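Colleague: Handing you this structure, nothing more for now.
Numbering (this note's numbering), first residue to last: 340 to 565.
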């Protein structure tokens, strides 16, 4: 079909790291965290992966989520809290479980989901990550990480942190859940090596005076047209 042809064309343009991500998820069926700096095609990779997953499993078996209402727009998903139906975790655990079971479509979603995607993971804290794992085990009656659901997690822990609490990777269940890690190291948005290296250094808190001067020299007056 034309869709298959389009998919094959896209695959030919992928980097080795992007292909590795697809292999881990689609062939090895392992839970993964992949990351990279801004401009390294995390979102592009994730959206292509979602397309492959929909084709393989159907939409009802894939949970597409992100940490914030704004970031879900990039992947046509819903927030992780909404998917899990846990609110702000201000009620007793058993009450939250009962509420999920009372809502048949949410209960069925938990039971039917085979792969859960979580984008922009940096803003999800330890408490939330652990709590959703606990909910998944209880609802699915499966004492495996996230009730046996395969996780596909992406984001950059050097971007926005959780509003409160610690990063999700410090969760007690993270190391038992995530089986593979991939770092996207090839930039796609920029070809200026000096600019790319400068941004990468800023990302990890290294500020070079020469690069600051370089950025300042880019400043110019804006010309407005009537």
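Using N, Cα and C, we set each Cβ at its ideal position, and we do this for glycine too.
On a predicted model such as this, the values are computed, not experimentally measured, just so you know.
Quick check on the burial criterion: 16 or more other C-beta atoms within 10 angstroms. Buried or exposed for residue 502?
Modeller: Indexing the chain shown from 1 puts residue 502 at position 163. It counts as exposed.
Colleague: Do the stretch 374-385 and the stretch 442-455 meet, that is, are 3 or more Cβ pairs less than 8 Å apart?
Modeller: With the cut-off at 8 Å, the stretch 374-385 and the stretch 442-455 do not touch.
Colleague: Could you give the DSSP three-state label for residue 496: helix, strand or coil?
Modeller: For this step, residue 496 is matched to residue 157 along the chain shown. Here residue 496 carries a coil assignment [DSSP, helix/strand/coil].
Colleague: Expressed to the nearest angstrom, what Euclidean distance is found between the alpha-carbon atoms of residue 473 and residue 367?
Modeller: Residue mapping note: residue 473 aligns to position 134 of the chain shown, counting from 1. Residue mapping note: residue 367 aligns to position 28 of the chain shown, counting from 1. The alpha-carbon atoms of residue 473 and residue 367 are separated by roughly 25 Å.
Colleague: So, does the stretch 434-449 touch the stretch 404-413, judging by three or more C-beta pairs under 8 Å?
Modeller: no
Colleague: Buried or exposed, going by whether 16 or more other CB atoms sit within 10 Å of the CB of residue 402?
Modeller: The sequence position of residue 402 within the chain shown is 63, counting from 1. Burial call: buried.
Colleague: When the Cα of residue 470 is compared with those of 513, 456, 493 and 443, which residue comes out closest?
Modeller: Residue 470 sits at position 131 when you count from the first residue of the chain shown. Measuring from the Cα of residue 470, the nearest candidate turns out to be 513.
Colleague: DSSP three-state label for residue 506, please.
Modeller: For this step, residue 506 is matched to residue 167 along the chain shown. Three-state result, residue 506: strand.
Colleague: Under 8 Å Cβ to Cβ from residue 546, same chain only, skipping five residues before and after it: list those, please.
Modeller: In the chain shown, counting from the first residue as 1, residue 546 sits at position 207. Taken in chain order, the residues that qualify are 540.
Colleague: May I have the straight-line CA-CA distance separating residue 461 from residue 418, to the nearest angstrom?
Modeller: By one-based count along the chain shown, residue 461 stands at place 122. By one-based count along the chain shown, residue 418 stands at place 79. The straight-line gap from Cα to Cα measures roughly 14 Å.
Colleague: Please report the distance separating the alpha-carbon of residue 426 from that of residue 552.
Modeller: Looking up residue 426 in the chain shown gives position 87. Looking up residue 552 in the chain shown gives position 213. When rounded, the distance between both Cα atoms is 47 Å.
Colleague: Just to confirm, is the Cβ distance from residue 370 to residue 489 under 9 Å?
Modeller: For the purposes of this step, residue 370 is taken as residue 31 along the chain shown, with counting starting at 1. For the purposes of this step, residue 489 is taken as residue 150 along the chain shown, with counting starting at 1. In this structure, residue 489 lies closer than 9 Å to residue 370 by Cβ.
Colleague: Could you pull out every residue in the same chain whose Cβ sits closer than 7 Å to the Cβ of residue 516, ignoring the five residues on either side in sequence?
Modeller: Here residue 516 refers to the residue found at position 177 of the chain shown. If you ignore the 5 residues before and after residue 516, its C-beta comes within less than 7 Å of the C-beta of 370, 484, 485 and 490, all in its own chain and listed in chain order.
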